[in-house]
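A.B. asks: Pasting a structure below so you can have a look.
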Amino acid sequence: MIIVAPVYYLGQQTTLKLINDRMLSIQNDSEEYFKNKQCVIVVPHTIKDWEGYAREATMHFARFLGLKVTGTLVVNKTLPGDVLDEDSLTKIKKLTKSLVDNSTVDFSDPTLAYCPDCDSSLLQIQRNGRWRCIMCGSVGKWQVKDGEFFMNGTSEVERFSCEGMKEHGHVLTEVKEEYIRRRKAVAANQELYKEFDYWIKLQTRAKTLDCN
Ligand SMILES: Cc1cc2nc3c(=O)[nH]c(=O)nc-3n(C[C@H](O)[C@H](O)[C@H](O)COP(=O)(O)O)c2cc1C
0 MIIVAPVYYL GQQTTLKLIN DRMLSIQNDS EEYFKNKQCV IVVPHTIKDW
50 EGYAREATMH FARFLGLKVT GTLVVNKTLP GDVLDEDSLT KIKKLTKSLV
100 DNSTVDFSDP TLAYCPDCDS SLLQIQRNGR WRCIMCGSVG KWQVKDGEFF
150 MNGTSEVERF SCEGMKEHGH VLTEVKEEYI RRRKAVAANQ ELYKEFDYWI
200 KLQTRAKTLD CN
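Reminder that position 4 of the sequence shown reads as 3 in numbering that gives the first Met the number 0, one-by-one numbering, no gaps.
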């Protein structure tokens, strides 16, 4: 499988999020839906250094579907045909070939630190010498030795395994059941706020935004 989705406002293209947001119905059928089907990802974007978290979000979109991500490529290209330059074509060919021979392609940036478990570059660097991957939940320690950044440690958390998916679905189902158990108390709480009118109504015509 090949997923290609552009960067919108530093993030994941919305159609993918829409699918993810309806994932529970797929998971309820079977958490093994696409299990281990190989997938490569291409994320085009336009503004240099404005790729945001689209790579990570798209990667995890695939993982929530149970796909096995074996290559990601972020390209600073926009218009149709822009990716036909030699460098992009070579990389894209590598990705497609990897789907044929079941291999993994590594386009990681050697100057960055990645999560050893899920390959995300979105790491929380904590002041107490620890790090946490906000995508897969792995944790560990970091240190700087001779001017070089080192990380170690991984975790047992496997959000994208069948067990992890099951757990996610289970928690959400519990929340629904909790709501059903407490719905009268919840409704009584809502009742307390019904008389307030929170809507902000325009008194005058809105002024044009002044960005200066
Ligand atoms: C609403 C919108 C937001 C965008 N935000 C970003 C952005 O944050 N960073 C970036 O590099 N490119 C951004 N772009 C550029 C797109 O990544 C680029 O135009 C892409 O090729 C659009 O693909 P599409 O034509 O399939 O929508 C944005 C484009 C649109 C339309």
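We treat Cβ as the ideally placed atom computed from N, Cα and C, and that holds for glycine.
All of these numbers come straight from a predicted model, not from anything done at the bench.
Between the region 48-56 and the region 71-82, can you find at least three pairs of beta-carbon atoms closer than 8 Å?
C.D. replies: Enough Cβ pairs lie closer than 8 Å, so yes.
A.B. asks: Any contact of the region 109-120 with the region 130-140, i.e. 3+ C-beta pairs under 8 Å?
C.D. replies: With the cut-off at 8 Å, the region 109-120 and the region 130-140 touch.
A.B. asks: Does the Cβ of valine 170 have 16 or more other Cβ atoms within 10 Å, making it buried, or fewer, making it exposed?
C.D. replies: So valine 170 ends up on the exposed side.
A.B. asks: What residue does the alpha helix (DSSP H) around glycine 168 start on, and which one ends it?
C.D. replies: First-last of the alpha helix (DSSP H) with glycine 168: 161-192.
A.B. asks: Is DSSP giving phenylalanine 149 helix, strand or coil here?
C.D. replies: Strand, per DSSP.
A.B. asks: At a cut of 8 Å, does the region 36-51 reach the region 74-87 through at least three beta carbon pairs?
C.D. replies: Touching, per the Cβ criterion.
A.B. asks: Excluding the five sequence neighbours on either side, which residues of its own chain have a C-beta within less than 6 Å of the C-beta of threonine 153, listed in chain order?
C.D. replies: Excluding positions up to five away in sequence, the list reads Pro115, Asp116, Ser137.
A.B. asks: Below 8 Å CB to CB, which residues in the same chain sit around aspartate 118 once its five sequence neighbours on both sides are set aside?
C.D. replies: Answer for aspartate 118: Met58, Val68, Thr71, Ser107, listed in chain order.
A.B. asks: Let me check you understand the geometry: is the CB of tryptophan 49 closer than 7 Å to at least one non-hydrogen atom of ligand 1?
C.D. replies: Tryptophan 49: yes, Cβ under 7 Å from ligand 1.
A.B. asks: For arginine 129, report the span of its beta strand (DSSP E) as first-last.
C.D. replies: Where arginine 129 is concerned, the enclosing beta strand (DSSP E) stretches over 129-132.
A.B. asks: May I ask you to check if the CB of valine 82 is nearer than 7 Å to at least one heavy atom of ligand 1?
C.D. replies: Not under cutoff, so the answer is no.
A.B. asks: In chain order, what residues of the same chain have a beta carbon less than 6 Å from the beta carbon of alanine 4, not counting five sequence neighbours either side?
C.D. replies: For alanine 4, where only same-chain residues beyond five positions count, the Cβ hits under 6 Å are Gln12, Leu15, Thr57.
A.B. asks: Does the beta carbon of leucine 9 fall short of 7 Å from some heavy atom of ligand 1?
C.D. replies: Because some heavy atom of ligand 1 lies under 7 Å away, the Cβ of leucine 9 counts as near it: yes.
A.B. asks: What is the DSSP secondary structure of threonine 71, reduced to helix, strand or coil?
C.D. replies: Threonine 71: strand per DSSP, three-state reduction.
A.B. asks: Just to confirm, are serine 97 and valine 39 a CB contact at a threshold of 8 Å?
C.D. replies: Yes; because the gap between Cβ atoms is below 8 Å, this pair is in contact.
A.B. asks: Just to confirm before moving on: does the CB-CB distance between lysine 93 and valine 104 stay below 8 Å?
C.D. replies: Cβ distance < 8 Å, so lysine 93 and valine 104 count as in contact.
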